[in-house]
Amino acid sequence: MSPYALLDSEEVLRGLLAGLDVGILLAEHNGAVCFINDAMRQLFEVPAGRPVATLADIGGINLKLAIIRGLIDAGFSDAVSRRQTGTLTLERWFDLPSSRRCIELRTSLIERPRALPLRLVLARDVTDLRRLGGEAGRAFPALITRDAQMREVLRQLAQVAPTDAYVLLQGESGTGKNLLVRQLHQLSRRAARPLVEVNCAAIPSELLESEFFGHVRGAFTGAHADRQGRFAVADRGTLFLDEVGEVPLHLQAKFLKAVQEQRFEPVGSNKTLTVDVRIVSASNRNLKDAVEARQFRADLYYRLSVIALHIPPLRSRKADIPLLIDHFLQDLLNRGYPRATVSPEALRLLLDYPWPGNVRELQNAMEHAVICAVDGVVLPESLPQDIRDFPARMVPTPARPAATATASQWRGQILFALRQCNGNKAAAAKMLGIDRVTLWRRMRKLGLQ
Ligand SMILES: Nc1ncnc2c1ncn2[C@@H]1O[C@H](COP(=O)(O)OP(=O)(O)OP(=O)(O)O)[C@@H](O)[C@H]1O
Ligand SMILES: [Mg+2]
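Quick note: the sequence shown uses the numbering used here, first residue 65, plus one each step.
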């Protein structure tokens, strides 16, 4: 007899469900609730006798919306259709009648032979875990972007988050890799477990092995006690290897084995430990180049980069600059800095600057600018020196073409202005100091339409 046949007995099934302390709810495709267990009622503080007809009836909480939002955020654009098959884990703070609780919801579809699938929702209270703090629990800053490339990265990130696939994030310094890793972890089914970060560039290479794998007492001078390594601490969670390109070659073989088999021996021990970690790594140099230069093992590279995501630099997503400026000004205001606005001249400089330090540099520049603002206005002279001085070093020079500019100069300047303004002709015209009709006429003349 199949063990599942037992579950045909209602008593057995009831006993089983009553014994679980996880909230369970089953809903039809249209959101009509067909089953809810006691744990789910308790979790959402739904009185025992009260019927729950739809997901929206749970303590006045629009759970359906929370789930759909979560699915959409996670990149399942067909969230409400039946094609979403994977499991999605999301966490939300809910204001319940007696308290504010953080509830983890896991949802998936249960296929049925001759009917539309049922939506299964599992819920558990993770408030205490979250209140305990810890990296994984702290609310992370919002990720601001309107750039299409960046959105695509976010979509892919959300799509792979609930799987256990290894992800490699590459992008220049300050592009938001750490921020993205935190999002990835939050969206993963490991969100309630630790996100353990190791900055491979910050740890001296001779200590890296023990940092990763731990050591036993006496393994080397100074090893006074057994110490757990980061792989072990991250068990069932996510291990984030920042600057993974800095792992020295001599350690990469042991590293590969740990990454591949999830097994390793602490330094000085012959006991093999087994873990379950999801590895996410980041690098601000191109690892492929490091592979070619034989500084990084190709097998390790391929293992880590099952999903490789490239974060575009800020200079290639200029439309994000004004958005980020507003965001940082607001953030500074919230942190007690004075209110400030940015003058058009200063904005021009901020848009032209190539931002080698990307979003982090912009963030710091805004702090500098707000401190140096004049009567609440950020002027060119309020900006850090590098940004103020940049146009002088820039070729071709001014955005505003001289009256005598040649056709090819005009052409270059119009294209430049359009790029800067994300194709917005009105803004580009303003930037060039001409009216819209003139711009339009010149574009036609230059064959730029
Ligand atoms: N799109 C964004 N929206 C809001 N803040 C952002 C964004 N991208 C980055 N930041 C902020 O910029 C700073 C730098 O980001 P982060 O540390 O994630 O960059 P990184 O790519 O890991 O840099 P590094 O390679 O130097 O480690 C952080 O304070 C982060 O919160
Ligand atoms: Mg980083």
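Using N, Cα and C, we set each Cβ at its ideal position, and we do this for glycine too.
- Shown here, Glu-216 sits in a helix according to DSSP, grouped into three states.
- Bounds of the alpha helix (DSSP H) holding Ala-490 are 489–496.
- DSSP, read as helix, strand or coil, puts Ile-371 in strand.
- In this structure, Ala-346 has its CB closer than 8 Å to one or more heavy atoms of ligand 2.
- Put simply, the segment 246–255 does not touch the segment 377–392. Fewer than three CB pairs are less than 8 Å apart.
- Judged by their CB atoms, Gly-309 and Ser-347 are nearer to each other than the 9 Å cut-off.
- Taking the CA atoms as reference points, Gln-234 sits about 33 Å from Glu-409.
- When secondary structure is reduced to three states using DSSP, Glu-307 falls in the coil class, being assigned neither helix nor strand.
- Between Val-344 and Thr-302, the CB-CB gap stays under 9 Å.
- As DSSP reads the structure, Ala-187 sits in a beta bridge with Gly-87 and Leu-169.
- Contact between Val-280 and Gly-332 is confirmed by a C-beta separation of about 5 Å, below the 8 Å threshold.
- As the crow flies, the alpha-carbon of Gly-487 is around 11 Å from that of Gln-513.
- For Asn-263, the three-state secondary structure derived from DSSP is strand.
- Our two residues, Ala-429 and Pro-448, have alpha carbons roughly 6 Å apart in a direct line.
- Residue pairing of Gly-235 in beta bridges, as defined by DSSP: Ile-375.
- Considered as a whole, the segment 319–366 harbours 342–347 as its complete beta strand (DSSP E) runs of no fewer than 3 residues, in chain order.
- Relative to Glu-168, the option among Asp-159, Thr-191, His-249 and Ala-91 whose CA is nearest is Thr-191.
- Contact between the segment 368–380 and the segment 208–221 is present: three or more C-beta pairs spanning the two stretches fall below 8 Å.
- In this structure, DSSP gives Pro-312 a state outside helix and strand, which the three-state scheme calls coil.
- The C-alpha of Ser-162 lies about 20 Å from the C-alpha of Asn-101.
- Under the DSSP assignment, Ile-100 falls in the beta strand (DSSP E) whose first and last residues are 97–100.
- Counting C-beta atoms within 10 angstroms of its own C-beta, Met-507 has 16 or more neighbours from the protein chains shown and is therefore classed as buried.
- Between Ala-362 and Val-370, the C-beta spacing is not below 9 Å.
- In this structure, Val-423 sits near Gly-238, with a CB-CB distance shorter than 9 Å.
- Contact check for Glu-92 and Leu-182: beta-carbon distance about 7 Å, within the 8 Å limit, so the pair qualifies.
- In this model, Pro-330 and Tyr-230 are separated by some 23 Å (Cα to Cα).
- Boundaries of the alpha helix (DSSP H) around Leu-396: 384–398.
- Placement of the Cβ of Asn-242 at a distance of less than 8 Å from at least one heavy atom of ligand 2 is found.
- Arg-506: member of the alpha helix (DSSP H) spanning 500–509, first to last residue.
- Taking 8 Å as the cut-off, the C-beta of Val-217 does not count as close to any heavy atom of ligand 1.
- Separation of Lys-382 and Leu-368 (C-alpha to C-alpha, rounded to the nearest whole angstrom) is 30 Å.
- In terms of Cβ geometry, Ser-407 and Val-441 form a close pair [threshold 9 Å].
- In terms of Cα proximity to Leu-364, the closest of Ala-112, Arg-379, Phe-99 and His-314 is His-314.
- Across the structure, Asn-94 and Phe-108 are spaced so that their CA atoms are roughly 21 Å apart.
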